[in-house]
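First comes the structure, then the notes that go with it.
Chains as they are written, first to last, in our numbering: chain H, 98 to 407; chain F, 98 to 407.
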């Protein structure tokens, strides 16, 4: 049983109450706590030494990553982050310089988005560093974007370039907060998710929530330079397209809009964010599953994100 | 450098924003997020296998404890908890039965206080179980109780009986939510904290925040049956009074009110909570430090909560 199966099993028994707009199962929980016209967003995420980062990494980048992952989830709802709490599990004796540098990286990112770091706690975790961050944010009630709003015929978009994030980008990526807010302010975004498990995996989550399928165009998938370089150096070699489809930790936005809005969106995007690519990678179809089209025809992507190359 | 010194060092550099009423340094952060007449409370806490619980403990109790610690902090502000997120760090392969039982204990407590569990995440923590819980709550703006409101002359009260919690109570204690809300609704509570580090330590935190001192009456400290029993069995023996003053994890409420209200409070409490003792254990004095009075006279308590017995 993997993480997703465990969560699926636990969710039905979780207690709820009248203020829960969306509980477990989306990028953030959405809560109606009585703020006029706004929903509260609530999210937690953890990074663990040896799993999400190596001990020898610059601790400022570890702090950055720990918060940036949560902010990316706030972005995926179209929201604005407001507050964070930080829990540190540390081996003993802990390295003060390490902890201070970790906070420098985390605080710098927080300041950039006016996020207040309002506390947290430290505890012993003898074998490795464990960092759990919780964030709050808000979103106008009409503008909160779920994973479940995609409908057949929608165009599927992705920001940036994908794959090869573990070569470095996973430690210093910028959460797409500005872009996401611009998107929800200017267009009717039907469904959105941030890519943390890989394009194929996270598209699968969005499709499942929306009860639809998708057709992707292989030539339209934006492939990062890292994925291309890694394909040359890695052994066994991983084709760059496969990396772009299945590597995790891109933290780009994946979203759908009505096909009627697709061209206008691409035009406006280029004016507003000339440095950041936006790619239309395919369309939503009725039914279920992900199919990818290339010169050899149409092939299915598996649920775990791995493509069966013929 | 211990946990408290580390936190003290980190706090001044934490980013803040205009919505922060109280950031790091109290039981919960207090936030003004635009809910008319109410503040939002935000708190995180973690329990780690081998430190806060043993692996062989009933997992329902572990889940209960993980959430109850956070709810105790909401209680210490006079608040009402509303939502929780749960992060589980688990060794691989994880024991599904263990995780389900842990959630049963946590969910049962959540249901009792109408707390919605709105998600969380699971990650790998190879050597031991790490559970981080974040909670939200609210409190009427006029009623939120800080640690910093104690003034000279106040009477100091504590609920329940203290010491020896590790004999079992730390795993199944009931957070004092009902009692705390009743207190803030019926009396002008000047300062409040929940006892997690031991009476002497947490009183020290309250006094430091309020910039005052305290005189305790040794004979008035309520000593638990566990502390008395442990004193007979433990080697080296720990005097029951010392256990009541310094053992951690009591999760009782420690608070101050004007001495004018003390008798009325004790009377009303006995009517409302006949099963739960409430003890007036001393008074707030100008200056700083904690002193304890017994037959031998007045003696200081050290900052770490340990009394020097003559």
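Every residue, glycine too, gets a C-beta built ideally from N, C-alpha and C.
In this text the structure is predicted, and so the values were computed from the model without any measurement.
Can you tell me which residues form a DSSP beta bridge with residue 136 of chain H?
H:236
Since residue 122 of chain F and residue 289 of chain F should fall inside the 8 Å C-beta cutoff, what is the C-beta to C-beta distance between them, to a whole number of angstroms?
Contact flag wrong, Cβ pair sits at about 14 Å.
Going along chain H, which residues have a C-beta under 7 Å from residue 341 of chain F?
Within chain H, no residue comes near residue 341 of chain F; the closest Cβ sits about 25 Å away, beyond 7 Å.
Report buried or exposed for residue 232 of chain F, applying the criterion of at least 16 other Cβ atoms within 10 angstroms of its Cβ.
buried
Chain F beta carbons: is any one of them nearer than 7 Å to that of residue 267 of chain H?
no
Pick helix, strand or coil for residue 197 of chain F, following the three-state DSSP scheme.
In the three-state DSSP reduction, residue 197 of chain F falls in the helix class (H, G or I).
Here's a check: name, in chain order, each residue in its chain whose Cβ is nearer than 6 Å to the Cβ of residue 182 of chain H, leaving out the five neighbours to either side.
216, 217, 231
Per the contact definition of three or more C-beta pairs closer than 8 Å, is the region 358-367 of chain F in contact with the region 301-309 of chain F?
Touching, no.
By the DSSP assignment, the beta strand (DSSP E) with residue 391 of chain H in it spans what residues?
For residue 391 of chain H, the uninterrupted beta strand (DSSP E) segment begins and ends at 386-391.
Could you please tell me which residues of the region 138-172 of chain H, in chain order, have their CB closer than 9 Å to any CB of chain F?
139, 140, 141, 142, 143, 144, 145, 147, 148, 149
Less than 7 Å separating the beta-carbons of residue 214 of chain F and residue 111 of chain H?
yes
Quick one: any contact between the region 258-277 of chain H and the region 322-330 of chain H, if contact means 3 or more CB pairs under 8 Å?
With the rule of 3 Cβ pairs closer than 8 Å, the region 258-277 of chain H counts as touching the region 322-330 of chain H.
Near residue 135 of chain F, which residues of its chain fall below 7 Å by C-beta distance, leaving aside the five closest residues on each side in sequence?
235, 236, 237, 238
DSSP on residue 329 of chain F, reduced to helix/strand/coil?
helix
State yes or no: is the C-beta of residue 220 of chain F within less than 7 Å of the C-beta of residue 173 of chain H?
no
Mind checking the region 211-240 of chain H against chain F and listing, in chain order, the residues whose C-beta falls within less than 8 Å of any C-beta there?
211, 212, 213, 214, 215, 216, 217, 218, 219, 220, 221, 222, 223, 224, 225, 227, 229, 231, 233, 235
With a threshold of 8 Å, are at least 3 pairs of Cβ atoms found where one atom belongs to the region 314-323 of chain F and the other to the region 383-395 of chain F?
Three or more Cβ pairs closer than 8 Å define a contact, and the region 314-323 of chain F meets that threshold against the region 383-395 of chain F.
Of all the alpha helix (DSSP H) runs that stay within the bounds of the region 316-364 of chain F, which reach a length of 4 or more residues?
322-330, 337-343
Residue 168 of chain F bridges to which residues according to DSSP?
Per DSSP, residue 168 of chain F has no beta bridge partner at all.
So who's on the other strand from residue 177 of chain F, going by DSSP bridges?
F:235
Could you name the residues of the same chain whose beta carbon sits closer than 6 Å to that of residue 195 of chain H, not counting the 5 residues immediately before and after it, in chain order?
156
Would DSSP call residue 408 of chain F helix, strand or coil?
In the structure as shown, chain F begins at 98 and stops at 407. Residue 408 of chain F is therefore absent and cannot be evaluated.
Start and end of the alpha helix (DSSP H) containing residue 399 of chain H?
Membership of residue 399 of chain H in any alpha helix (DSSP H) is not indicated, and neither H nor E is assigned to it by DSSP.
Could you spell out the range, first to last residue, of the alpha helix (DSSP H) harbouring residue 101 of chain H?
100-107
Going by beta-carbon coordinates alone, are residue 69 of chain H and residue 376 of chain H separated by less than 7 Å?
Only positions 98 to 407 of chain H appear in the structure, and residue 69 of chain H is not among them; the question remains open.
In chain H, which residues lie with their C-beta within 7 Å of the C-beta of residue 100 of chain F?
Under a criterion of Cβ atoms nearer than 7 Å, the residues of chain H adjacent to residue 100 of chain F are, in order, 219.
Per DSSP, what are the beta-bridge partners of residue 116 of chain F in this structure?
Looking at the DSSP output, residue 116 of chain F sits in no beta bridge, so it has no partner there.
Measure the C-alpha to C-alpha separation of residue 202 of chain H and residue 278 of chain H and round it to an integer number of angstroms.
Here the alpha carbons of residue 278 of chain H and residue 202 of chain H stand approximately 24 Å from one another.
What would DSSP say about residue 243 of chain F, mapped onto helix, strand or coil?
coil
Which residues, in chain order, does the region 268-299 of chain H contribute to contact with chain F at a C-beta distance below 8 Å?
none
Use the C-beta contact count for residue 193 of chain F: other C-beta atoms within 10 angstroms, 16 or more gives buried, fewer gives exposed.
exposed
Consider the Cβ of residue 184 of chain H: report whether some Cβ of chain F lies at a distance smaller than 7 Å.
yes
Can you name the residues of chain F whose CB is closer than 8 Å to the CB of residue 132 of chain H?
130, 131, 132
Helix or strand or just coil, what does DSSP make of residue 394 of chain H?
strand
Terminal residues of the continuous beta strand (DSSP E) containing residue 376 of chain H?
375-382
Does the distance from the CB of residue 292 of chain F to the CB of residue 349 of chain F come in under 7 Å?
yes
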